[in-house]
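Reading through the structure tokens given below for one structure.
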Amino acid sequence: MSKSPNSKQSVHIRWLIRRDMQAVMEIESASFEFPWTEDEFINCLRQRDCIGMVAEYAEQVVGFMIYELQPTSIHVLSFAVHPDFRRKSVGSSLIQKLVAKLAYQRRNRIQLEVRETNLSAQLFLKQLGFRATGVLRSFYEDSTEDAFLMQYRGEAAWESQVPSEEVFRDRAG
Ligand SMILES: CC(C)(COP(=O)(O)OP(=O)(O)OC[C@H]1O[C@@H](n2cnc3c(N)ncnc32)[C@H](O)[C@@H]1OP(=O)(O)O)[C@@H](O)C(=O)NCCC(=O)NCCS
229 MSKSPNSKQS
239 VHIRWLIRRD
249 MQAVMEIESA
259 SFEFPWTEDE
269 FINCLRQRDC
279 IGMVAEYAEQ
289 VVGFMIYELQ
299 PTSIHVLSFA
309 VHPDFRRKSV
319 GSSLIQKLVA
329 KLAYQRRNRI
339 QLEVRETNLS
349 AQLFLKQLGF
359 RATGVLRSFY
369 EDSTEDAFLM
379 QYRGEAAWES
389 QVPSEEVFRD
399 RAG
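Under the numbering used here, the residues of the sequence shown are numbered 229 to 401, in order.
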């Protein structure tokens, strides 16, 4: 990985295909302490409503996102950007692609679980308008960590929701 995108416009988002898997696995193992195996990705992507996208720059895969279509929401299962390409709006471009898929009458929110120790992802999601809506105790099989459930909805839909700060304050207290 030698070149870096100068602007968000240079990043192209497309469907994940089988031959992207090597690059996806490299990004996955560079990004997570407990990475998914290739079989886990493939089994997940075989499910009917499970979809993969990649972010490509200069014909290199620099990020990916795996998500599941649910009746009223989009559930993000995994996403990451190659360490050499972070803070260049690649992650934002992937999330914006999902936001564009929301239909405000029906599938009207995006949700995902974030490890309590993954502060950079929490800050990234907060910046994009996600809010923490709950804490899932001992959510992970590979550690004793809790997860924050984070959701994105259209701005107006947040008015009746608990502010994210309260979720974090409850935990701290
Ligand atoms: C989280 C992740 C996908 C963000 O991707 P990215 O391409 O670097 O994000 P962007 O460049 O679009 O960031 C947009 C904004 O989010 C915020 N942000 C992103 N990363 C941040 C960090 N490490 N610390 C603080 N704020 C951050 C910033 O406000 C940033 O804007 P700025 O760069 O102008 O300040 C990337 O850090 C990553 O792959 N992390 C490891 C895997 C992971 O945690 N995945 C999420 C699992 S839930």
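Cβ atoms here follow ideal geometry from the backbone N, Cα and C, with glycine treated the same way.
Cut-off 8 Å between Cβ atoms - residues of its own chain near Leu305, not counting five sequence neighbours on either side: Hits under 8 Å: Cys272, Cys278, Ile294, Tyr295, Glu296 and Leu340.
Terminal residues of the alpha helix (DSSP H) in which Arg274 lies: For Arg274, the enclosing alpha helix (DSSP H) begins and ends at Glu266 to Arg274.
Sheet register partners of Gly362 (DSSP bridge): In DSSP, Gly362 forms a bridge with Leu377.
Whole-angstrom distance between Tyr332 and Glu268, CA atom to CA atom: Using only the alpha carbons, I get a separation of about 31 Å.
Under 9 Å between C-beta atoms of Arg337 and Gln379: Yes, Cβ-Cβ distance for Arg337 and Gln379 is below 9 Å.
Own chain residues within Cβ distance below 7 Å of His310, not counting five before or after: A distance below 7 Å between beta-carbons, with the five flanking residues on each side excluded, links His310 to the following residues of its chain, in chain order: Met229, Ile255, Ala258, Val290 and Gly291.
Buried or exposed by the 16-neighbour rule on C-beta atoms within 10 Å, applied to Gly401: For Gly401, the pLDDT reaches just 34, beneath the cut-off of 50, and the residue's location in the model is therefore unreliable, leaving the point undetermined.
Complete runs of the beta strand (DSSP E) confined to the region 324 to 352 [at least 3 residues]: Listed in chain order, they are 337 to 343.
Where Phe292 falls: helix, strand or coil (DSSP): In this structure, Phe292 counts as strand in the three-state DSSP scheme.
CB contact flag (Pro299, Arg276, <9 Å): At least 9 Å separates the beta-carbon of Pro299 from that of Arg276.
Secondary structure of Ala384, DSSP reduced to three states: Bear in mind that a pLDDT of 49 at Ala384, under 50, signals an unreliable position, so the model cannot answer this.
Cut-off 6 Å between Cβ atoms - residues of its own chain near Lys325, not counting five sequence neighbours on either side: Here the set comprises Ile241.
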